[in-house]
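4 protein chains.
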Amino acid sequence: MIVVMKPQATEEQIQQVIQRIEDYGLRVHLSKGTEVTILGVIGDDRIINRDQLVHMEGVDKLIPVLKPYKLASREFHPEDTVFEVKGVKIGGEQVVVIAGPCAVESREQILEAAQKVKEAGAHMLRGGAYKPRTSPYSFQGLGEEGLKYLKEASEKTGLPVVTEVMDIQTLPLVSEYADVLQIGARNMQNFPLLHAVGESQKPVLLKRGMSSTLEELLMSAEYILTHGNQQVILCERGIRTFENYTRNTLDINAAPALKMLSHLPVFIDPSHGTGRWELVEPVSRAAVAAGADGLIIEVHPRPDQALSDGAQSLTPERFASLMKTLVPVALAVGRSL
Amino acid sequence: MIVVMKPQATEEQIQQVIQRIEDYGLRVHLSKGTEVTILGVIGDDRIINRDQLVHMEGVDKLIPVLKPYKLASREFHPEDTVFEVKGVKIGGEQVVVIAGPCAVESREQILEAAQKVKEAGAHMLRGGAYKPRTSPYSFQGLGEEGLKYLKEASEKTGLPVVTEVMDIQTLPLVSEYADVLQIGARNMQNFPLLHAVGESQKPVLLKRGMSSTLEELLMSAEYILTHGNQQVILCERGIRTFENYTRNTLDINAAPALKMLSHLPVFIDPSHGTGRWELVEPVSRAAVAAGADGLIIEVHPRPDQALSDGAQSLTPERFASLMKTLVPVALAVGRSL
Amino acid sequence: MIVVMKPQATEEQIQQVIQRIEDYGLRVHLSKGTEVTILGVIGDDRIINRDQLVHMEGVDKLIPVLKPYKLASREFHPEDTVFEVKGVKIGGEQVVVIAGPCAVESREQILEAAQKVKEAGAHMLRGGAYKPRTSPYSFQGLGEEGLKYLKEASEKTGLPVVTEVMDIQTLPLVSEYADVLQIGARNMQNFPLLHAVGESQKPVLLKRGMSSTLEELLMSAEYILTHGNQQVILCERGIRTFENYTRNTLDINAAPALKMLSHLPVFIDPSHGTGRWELVEPVSRAAVAAGADGLIIEVHPRPDQALSDGAQSLTPERFASLMKTLVPVALAVGRSL
Amino acid sequence: MIVVMKPQATEEQIQQVIQRIEDYGLRVHLSKGTEVTILGVIGDDRIINRDQLVHMEGVDKLIPVLKPYKLASREFHPEDTVFEVKGVKIGGEQVVVIAGPCAVESREQILEAAQKVKEAGAHMLRGGAYKPRTSPYSFQGLGEEGLKYLKEASEKTGLPVVTEVMDIQTLPLVSEYADVLQIGARNMQNFPLLHAVGESQKPVLLKRGMSSTLEELLMSAEYILTHGNQQVILCERGIRTFENYTRNTLDINAAPALKMLSHLPVFIDPSHGTGRWELVEPVSRAAVAAGADGLIIEVHPRPDQALSDGAQSLTPERFASLMKTLVPVALAVGRSL
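Protein sequence lines correspond, in order, to chains A, B, C and D. Quick note on the working numbering: the first sequence kicks off at 10 and runs consecutively. Quick note on the working numbering: the second sequence kicks off at 10 and runs consecutively. Quick note on the working numbering: the third sequence kicks off at 10 and runs consecutively. Quick note on the working numbering: the fourth sequence kicks off at 10 and runs consecutively.
See below:
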C-alpha cells in the first residue's frame, strides 16, 4: 500500500502515520517528492485497516498495490483449476454447456427440456426450483417439488444438475439434489450464504452481481475458497449499464480478464447477458471465441408459455442449431465442445 | 399493458395474441396504425406473464402502463405513512436523524458514540453488529455481543436502535435488540429475508441497492408490505456510477421522486452516498432541502481508529456542528429537526 | 406513439390531447381501461413534439412505438449496405481489418507501421493526425504533417487510410488525405460535424459515444444519411461503466443488435474497448464470432515509445499472430478474412 | 507517479524503467517490498508519457499521485474565483439564478419569458439559438434570428444573456450577442471548441458531459484556462446512469466536491438533472443547500407548446414560487439570492 500525504502535511503527522504502520509490524519506505511525500508500506499490508489510516491528519489518500484477494489469484495458484462434476470436466480443454429452463415449471416440462438439451449435446442441466423475482407477484418456483423433478430429469439423461440456492435454510435440501450450487447475481455479496456454500464443499457456480466489479467477484470467490472449497466457477452474466435495448450489457472483456487474474474456470451466461433470444446465438459464439470455459443457456420447450425469462429462452430447435455452430468456433480457438 | 406487433405480423398472429390475453379474463383494444398494430390490454394486467407474450409469433414488444407495485404506491395510499418508534415519529413534520458508528466495536465505543450523538440532538442510534464486508479478511462485526452493547447504549440514552440484519438465522436474535431492522443495500433483493422481516412486523429501514432502480426499490418494499407490515422506511444511499472520486453517487432526485411515487417515508444516507466525511455535511443539508424525512449518518468517537468506514465517519464534534446547521435548513423547507 | 393519461384525467383533458394530435393531421385511437385511458396515435407521429404533449394537463406519459430513426433502420432498407473503399469491400462476406498506430508520430513510425500491418494482412491503415486528448498537456497530433505521412504510407502499401476529423475547419484538409473519415466517440453527437461529413459524401466510420445508447448511435448515423451519404460504418468501441479494470466495457451485444436494427456495416474496436493489449486478441476473436463486419486495432512498432495509447497497442508481431488466429474464427462463422 | 513492477520483474527491467524516468530529468525512489518493487517518481511527472511506461517489460501498473490539472485546482489558486458579468457577481456570496426557455422559439416567447423571469428575481437570461438535438428531425434552433431576439430581451430587462455555442464557425457571431458562452454537455470534450472559447476571453459556462468524471470536467476547464481566460463556470447537469425514472441522475456530491477541488464557481442545472418539472423545485433547493454558486433553470411561458424540453420546463408562475422558497434556503447556508 502507498500512503500519499497532503502537500501541507507536517513532519509530525508524517511520523504519526509511520508509527501507526509500524505498529502493525510492517516497514515504511519514505519518499519526499517536490510536491508531496509518499510512504510505501513494505510487507503484507492486507492487515492494515485502511479506513482508519485515511482519517489520520495529513493523509491525502491510500493506494493499494497488492490485490485484495489471494486464494483466487493466479499468482497464488498459477495452474488452471480443473475439477470434475459427475464425469464432466470443468475448466479443461472442453467447453462445457449447461442448458435448461430458467425455472422448473412441471415434471413434464423439465423432463422434456432435459431430454432435448441432452440430445443437442449439452453437458449439464440447469433449472431453478427457488427463483429470485423482482416482484412478489411473480412465480417464485416450485421449491422441493421442483428439485425432485430435476433429480428425475438428471437420472433419466445422465446430466448433472445446476440449480440455484437462495438462502441457508434451504441449502441442505438443495444440496441433496444439486450437483452444482448456483449463487445468483443478487446473492453474490450475500456473505453468510457464501460462507455456507464454502463449508458445503459442493461445486459452486458464482454469478457476478449486476453491478459488481471483477475484483468484487473475486473477493466473493475468496469467501468460498477460505473454506477449502476449490470447486468454484466464476460466471459473467451481464452488468447493468445505461443501455436498455438489451437487458444487461454482457462484459465480454471479463472472460479473458478473469482468466488472467484467476485460476478458476470462467463461464458466460448469454441468456441474461443479452435478455433477447435473437442475440443469444451470436453472443454464445463470441463467448467461446473469447476463451470462456463454458456457457449457461436458457432453453425452454415452449418459451411462449414459460413462467419466467421466456424472452431470452431458446427453443430446443434453436439450441440444437446453436450447438452445431459452436463446434467450429471451439475448434478455431483450440477447444472442443 | 400495450402489445406492439411487428410490422409484418399476420392477422392470425394478432388473433392468437388477443386470444391469449382474453384467456386471462382481460379485454383487448385493437389499434391498426399505418405501420404497426398495437393491442391495448384493458383490466389489471399484472397477472399476465410478460415473458411468455413476448415470445409469441408476431409480437415486437410489450409496454407496461400500470406500475408493477401497488401497496407501496401513492395512488393506492394517498396519505403519507407516519409511524412511531419508541416515541420518535417517522414520516411526520420532524426530520429524524439516525446517527452512530458503522460498526459496534466495543462497549466503550458505542456508549460514547451514543452519548455524543444524543447530546448533539440525534433521535435514533445506529451501529452494526453483523457487517457485510467485501473481503473475508475484514472485521465482520461483534455479533450478539455487539447487540448487547447497543441495547445498553440505547437504555442509557433513550435512543431507539437501528441495526442491520443480514440473514434469517439471526433475525430472531437481532429482533430482540433492534427497534428498527436495517436491510442493507446488498440485501435489497434478498427476497427470503424481505419476506421474513415483513412477517416480523418490526419497522424496517430498507436501503436501495447500489444498482437498483427506484421501481425495484419499491418492489422490494412491496415484498414487506404484502405481509401487512406497513412500517417501512425507504433509504437512498447512493448508487454505483462511473464517477470514482466519491464512493457512490448520491441520487438526490430519489428523495422527491420517491415521495411522489410512494407514501412511505424516505431517508437519505449521506455517509455512504459520498464516502467522504468532508462531503457529508453539505450533502446532508441538501438532503433535508430536497424533502427527505430523515438522515442516517455515521459518527465515530475516533474515526482514525474505526474498524470500518472511517473515511466517511464524522467526529462527534463535526456531527454536533452539522446538526446546528441543519436546523435553519429544515425550517427553510417547513420542517423541524 | 401512445399517450397514457393520468387516472384522474378529465374527459375535457382527454379531448384536448386528442385535438392537439389531430391538429398534426394524425388520427387517435381511444382505449378506456379500468384504471387508465390510453390514446394510440395512428400515422407517422415522428412529427409530434413530445415535449409539448407531456406537459398537457392530464397526460401521464408518452410511449414511443416507432423507431425514431428511419434511413438507418433495417425496416426501411432490408438489405445489408455494402460499399467499396479503394477496392476494399465493406459490409460484405470478408471481415475487414483496419490497423495502425493511435497517432501518427513521425514519417518513419507510420511507414513502418503501415508496412508491418500490410504484411500481416490488414486491409486498411489507421492513424490519427488530429488527436482528441483529455489533457491539454498531452500530445495533440502532428496535424497536416501527419496527414502527409499517412498518404505516403498509403501509397507505399496500397492500404486505404482511415483517420479522424475533429472539426469542420479541418474537414476539407483531412478529406484530401483520408479515404474514410473517422468520427471519434467524443464527437458522436457533434451535430454540425455530422452534417458536414454527411455533405462530404466520403465514407464515414462513426464511433459510438462512450455513454451513448444504440438508438442514439443510429440517430447520429441518421444525421449523416439525411445528406444522401450512405457510406456509414457503425463502430462499437466500448462504453463507460463502473468496471475499472478495463478502460471501457466492450458491448459485444452491440454487434448482433446493430445488425438486426440496421443495414449499415458494424465494426468493433477491441483496443479502446479493453484498453489493455493482453485482452485485444481474445476480444478480437469474440468480435468476429459475434458477427462484426470488421475490426479496428491499434498497432505500434514500439508501444513502449508510443505518444498515446501505448497500453492498448499491439506490437507488429502480436498483430501478425492475432491475424493468423482470426482466420479460423472467421471461417467458423462463414466469413473470410 | 508510482510505478508498480510485476512480482517477477528482473533487476535489469527495473533499471531500464528507472533510466527511462531519469531521461525526463526526474528522480526515482526505489522501494523493494516483500512481494513487489515500487518506484516513486520525484518531480513534476505530468511530462511523462504514461502509455509508454506501462508497456515496458516488467511494469505492472502506474498510479498517478499528482492531479492532472493545475490551473483549475484549488491548490494552485486557493481563493475562490469571482468575476462579474454586466454587474452580476459570479462565485460570490449571492446565489445567481439563470432562467429562461430551452430554446428561443419566437420574439414574443423570449420577450415574455425574459420579462417573467426578471420579475421573479432571476439574474441572467438563458435561451438557445443553436440547439444540439439527438434527432435530425427535431427543431434545431432559430440561429442568428434567435440571437437577435435574445439581445432584445436582454436590453429590455437588463438581464445578461447565457447562450450555447456549438461550433467554432458560429463562435464570432454568438460572441456578439452572448454575455456568457455555454458549452453544452455533448461538447465538453470538443477540444477545438474549448481552445476557441478560451481564446475568446468571454465568460464560459462549461457543462459536465453526461458520462464525464469530475476530473475530466476539470481537465476541460484547464483547456480554457490555458488561454488565460479565468472566467469559467463549472456546471453539474446530471450524469447518465441506469436509473430511467429521471432523465439524468443529478450528482449532488459534485457541488461540494468541485468546490473542494477547484476555485472555480459551480452551478447546478436541476432541469436537465431531473428531466421532470415536478422535481426541479425540491432539487433546486437541494443544490443551494449543497453550496452551489448558482442555478440554471428552464422556464417557458407555455411548456405545453415548447419546441424542446417542455417536460422539464417550469411555468413562470411555478418559477416565481420556486424563487420565493429558495430565499430562506440560501439564508440558511449563509448566502443571499
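Built from N, CA and C at the ideal position, the CB exists for glycine as well.
(message) Quick check on Phe328 of chain A: does DSSP put it in helix, strand or coil?
(response) In the first sequence, the residue the question calls residue 328 of chain A occupies position 319. Correct three-state label for Phe328 of chain A: helix.
(request) Give me the Cβ distance between Tyr139 of chain A and Thr179 of chain A, rounded to the nearest whole Å; I'm assuming they're in contact under 8 Å. (result) Position 130 of the first sequence holds residue 139 of chain A. Position 170 of the first sequence holds residue 179 of chain A. Right, their Cβ atoms sit about 6 Å apart.
(message) With a threshold of 8 Å between beta-carbons, can Asn355 of chain D be considered close to chain A, or not?
(response) No information on residue 355 of chain D is available, as it lies outside the stretch 10 to 346 that chain D covers here.
(request) Over the uninterrupted alpha helix (DSSP H) stretch that includes Phe200 of chain A, give me the two end residues. (result) The residue you call residue 200 of chain A lines up with position 191 of the first sequence. Per DSSP, Phe200 of chain A belongs to the alpha helix (DSSP H) from Phe200 to Ser209.
(message) Cβ closer than 9 Å: which chain D residues qualify as neighbours of Gly49 of chain A?
(response) What you label residue 49 of chain A is simply residue 40 of the first sequence in a count that begins at 1. The CB of Gly49 of chain A comes closer than 9 Å to the CB of Ile11, His38, Ser40, Gly42, Ile47 and Gly49 in chain D, given here in chain order.
(request) Could you have a look at Leu243 of chain B and say whether DSSP puts it in helix, strand or coil? (result) Looking up residue 243 of chain B in the second sequence gives position 234. Strand.
(message) For Glu161 of chain B and Ser184 of chain A, what's the separation of their Cα atoms in angstroms?
(response) Counting from one through the second sequence, the residue named residue 161 of chain B turns up at place 152. Counting from one through the first sequence, the residue named residue 184 of chain A turns up at place 175. Glu161 of chain B and Ser184 of chain A: Cα-Cα distance of roughly 41 Å.
(request) Count the CB pairs spanning the region 168-175 of chain C and the region 184-197 of chain C that are closer than 8 Å, and state whether there are at least three. (result) Flag = yes, the region 168-175 of chain C and the region 184-197 of chain C touch.
(request) Kindly list the residues whose CB is nearer than 8 Å to the CB of Gly150 of chain D, restricted to its own chain and excluding five residues on each side of it in sequence; keep chain order. (result) The residue you call residue 150 of chain D lines up with position 141 of the fourth sequence. In its chain, beyond the 5 residues on either side, Ala112, Val113, Gly137, Ala138, Tyr139 and Lys140 have a beta carbon closer than 8 Å to the beta carbon of Gly150 of chain D.
(request) Could you check what DSSP says for His38 of chain A in three-state terms: helix, strand or coil? (result) As a first step, residue 38 of chain A is located in the first sequence; it is residue number 29 there, counting from the start. Of the three classes helix, strand and coil, the one that applies to His38 of chain A here is strand, per DSSP.
(request) Taking C-beta pairs closer than 8 Å, name the residues in chain A that Glu249 of chain D reaches, listed in chain order. (result) In the fourth sequence, the residue the question calls residue 249 of chain D occupies position 240. It is Arg, not Glu, that sits at residue 249 of chain D in the sequence shown. Near Arg249 of chain D (Cβ distances below 8 Å), the residues of chain A are Phe251.
(message) My output table needs one value for Ile306 of chain C: the three-state DSSP class, helix, strand or coil.
(response) By 1-based counting over the third sequence, the position of residue 306 of chain C is 297. Collapsing the DSSP output to three states places Ile306 of chain C in a strand.
(request) Could you say which of C:Val104, C:Val12 and C:Gly218 lies nearest to Glu66 of chain C if we only look at CA atoms? (result) The sequence position of residue 66 of chain C within the third sequence is 57, counting from 1. Of the residues C:Val104, C:Val12 and C:Gly218, the one whose Cα lies closest to the Cα of Glu66 of chain C is C:Val12.
(request) To the nearest angstrom, report how far apart Glu350 of chain C and Asn58 of chain D are at their CA atoms. (result) Lying before the first or after the last residue shown, residue 350 of chain C is absent from chain C, which here runs from 10 to 346.
(message) With the cut-off set at 8 Å, would you say Ala122 of chain A and His309 of chain A are in Cβ contact?
(response) The count along the first sequence starts at 1 and reaches residue 122 of chain A at position 113. The count along the first sequence starts at 1 and reaches residue 309 of chain A at position 300. Yes, the pair counts as a contact, with Cβ atoms nearer than the cut-off.
(request) Would you mind sorting Thr166 of chain A into buried or exposed? The rule is 16 or more other CB atoms within 10 Å of its CB. (result) Taking the first residue of the first sequence as position 1, residue 166 of chain A is located at position 157. Buried, by the Cβ-count rule.
(message) If I follow the unbroken beta strand (DSSP E) through Val374 of chain C, where does it start and stop?
(response) An answer regarding residue 374 of chain C cannot be provided, because it is not within the stretch 10 to 346 covered by chain C.
(request) Label Ser317 of chain A either buried or exposed according to how many other C-beta atoms from any shown protein chain fall within 10 Å of its C-beta, with 16 as the threshold for buried. (result) Taking the first residue of the first sequence as position 1, residue 317 of chain A is located at position 308. The Cβ neighbour count for Ser317 of chain A, taken over all protein chains shown within 10 Å, is at least 16; the residue is labelled buried.
(request) Run down chain C in chain order and give the residues with a C-beta less than 8 Å from the C-beta of Ser220 of chain A. (result) Here residue 220 of chain A corresponds to residue number 211 of the first sequence, with the count starting at 1. Identification of chain C residues near Ser220 of chain A by a Cβ-Cβ cut-off of 8 Å yields Phe251, ordered along the chain.
(message) Considering Cα atoms alone, identify which of B:Leu288, B:Arg246 and B:Gln17 is closest to Phe328 of chain B.
(response) Sequence index remark: in the second sequence, residue 328 of chain B carries index 319 (1-based). Of B:Leu288, B:Arg246 and B:Gln17, the residue nearest in Cα terms is B:Leu288.
(request) Check each candidate in D:Leu156, D:Leu215 and D:Leu234 and name the one with the smallest Cα separation from Leu226 of chain D. (result) In the fourth sequence, the residue the question calls residue 226 of chain D occupies position 217. Nearest option by C-alpha distance: D:Leu215.
(message) For a quick check, are the C-beta atoms of Ser115 of chain B and Leu134 of chain B less than 8 Å apart?
(response) Taking the second sequence and counting its residues from 1, one reaches residue 115 of chain B at position 106. Taking the second sequence and counting its residues from 1, one reaches residue 134 of chain B at position 125. The Cβ atoms of Ser115 of chain B and Leu134 of chain B do not sit closer than 8 Å to each other.
(request) Enumerate, from N- to C-terminal direction, the unbroken beta strand (DSSP E) stretches of 3 or more residues contained entirely within the region 209-282 of chain B. (result) Correct list: 213-216, 241-245 and 275-277.
(request) Assign Gln149 of chain B to one of three DSSP states: helix, strand, or coil. (result) Here residue 149 of chain B refers to the residue found at position 140 of the second sequence. Looking at Gln149 of chain B - three-state DSSP - the assignment turns out to be coil, as it is neither helix nor strand.
(message) Could you check whether the region 21-28 of chain B touches the region 46-61 of chain C, counting it as contact only if at least three pairs of C-beta atoms, one from each stretch, sit closer than 8 Å?
(response) No, because fewer than three Cβ pairs between the region 21-28 of chain B and the region 46-61 of chain C fall closer than 8 Å, the two stretches do not touch.
(request) Mind checking the region 60-84 of chain C against chain D and listing, in chain order, the residues whose C-beta falls within less than 7 Å of any C-beta there? (result) Hits within the stretch, in order: Asp60, Gln61, Val63, His64, Met65 and Pro77.
(message) Measuring alpha carbon to alpha carbon, tell me which residue in D:Thr283, D:Lys15 and D:Pro337 is nearest Glu307 of chain D.
(response) On the fourth sequence, position 298 is the one that residue 307 of chain D refers to. Closest by alpha carbon: D:Thr283.
(request) Enumerate in chain order the residues of its own chain whose CB-to-CB distance from Gly155 of chain A is below 6 Å, with the five nearest sequence positions on each side excluded. (result) Within the first sequence, residue 155 of chain A is the residue found at index 146, counting from 1. Result list for Gly155 of chain A: Val113 and Ala138, in chain order.
(message) Applying the 10 Å Cβ sphere with the 16-neighbour rule, what's the burial state of Thr143 of chain A?
(response) Looking up residue 143 of chain A in the first sequence gives position 134. Burial call: buried.
(message) Taking a contact to mean a Cβ-Cβ separation below 8 Å, would you say Ala18 of chain B touches Thr46 of chain B in this structure?
(response) Counting from one through the second sequence, the residue named residue 18 of chain B turns up at place 9. Counting from one through the second sequence, the residue named residue 46 of chain B turns up at place 37. Yes.
(request) Look at Ala264 of chain D and Ala301 of chain D and say whether their C-beta atoms are less than 8 Å apart. (result) Start at 1 with the first residue of the fourth sequence, and residue 264 of chain D comes out as number 255. Start at 1 with the first residue of the fourth sequence, and residue 301 of chain D comes out as number 292. Yes, Cβ-Cβ distance for Ala264 of chain D and Ala301 of chain D is below 8 Å.
(request) Measure the alpha-carbon distance for Ile233 of chain C versus Ile277 of chain C and round it to whole angstroms. (result) As a working mapping, residue 233 of chain C is identified with position 224 in the third sequence. As a working mapping, residue 277 of chain C is identified with position 268 in the third sequence. Spanning the two alpha carbons is a distance of roughly 20 Å.
(message) Do Val37 of chain B and Leu48 of chain B have their beta-carbon atoms positioned less than 8 Å apart in this structure?
(response) Within the second sequence, residue 48 of chain B is the residue found at index 39, counting from 1. Within the second sequence, residue 37 of chain B is the residue found at index 28, counting from 1. Result yes, Cβ atoms of Leu48 of chain B and Val37 of chain B sit closer than 8 Å.
(request) Measuring alpha carbon to alpha carbon, tell me which of A:Trp286, A:His272 and A:Pro77 ends up nearest His86 of chain A. (result) Within the first sequence, residue 86 of chain A is the residue found at index 77, counting from 1. With respect to the C-alpha of His86 of chain A, the residue from A:Trp286, A:His272 and A:Pro77 having the closest C-alpha is A:His272.
(message) Rounded to whole angstroms, what is the Cα-Cα separation between Pro274 of chain D and Arg285 of chain D?
(response) Stepping through the fourth sequence from its first residue, residue 274 of chain D is reached at position 265. Stepping through the fourth sequence from its first residue, residue 285 of chain D is reached at position 276. The straight-line gap from Cα to Cα measures roughly 25 Å.
(message) In this structure, how does DSSP classify Ile57 of chain B when only helix, strand and coil are distinguished?
(response) Looking up residue 57 of chain B in the second sequence gives position 48. Here Ile57 of chain B sits in coil by DSSP.
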